[in-house]
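Residue numbers (our numbering): 766 to 854. Encoded as structure tokens, the structure appears first; notes follow it.
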Amino acid sequence: MSFGGAVSAMITSLKNNKRKRVSAFDKLERFQKENSDKLYFDRCANKKELDKIRLQTLKKNKTQYIKNSIGILIIFSILIYIAFVFVNS
């Protein structure tokens with residue numbers, strides 16, 4: 766039983782188009798080689814600068830928290846208002 770040229774061409778095409786599979790170990794090994802450098806910071810901050818940065822960050826986080834709280838409160842109030850309007854009508 767011969768399949769003809771189409772099937773043999775398909776088999777040849779599949780064999781030629783196979784790609785080499787990369788194992789997880791090879792990927793991990795390559796990743797470790799690429800990221801083997803140590804972190805290096807060329808600038809250092811003294812205690813006063815670190816405190817200043819810390820206070821700025823705390824202030825920024827506090828204002829962001831207040832803005833988010835006000836936004837959620839407004840949205841929640843609108844939803845309650847809409848719910849009462851539709852329930853009472």
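Virtual Cβ for every residue (Gly too), placed ideally from N, Cα, C.
- Scanning its chain for C-beta atoms nearer than 6 Å, with the 5 sequence neighbours on each side dropped, one finds no residue around K825.
- Counting only the Cα atoms, Y830 lies some 31 Å from F806.
- Going by DSSP, D816 is part of the alpha helix (DSSP H) stretching over 812-853.
- Counting only the Cα atoms, V787 lies some 56 Å from I845.
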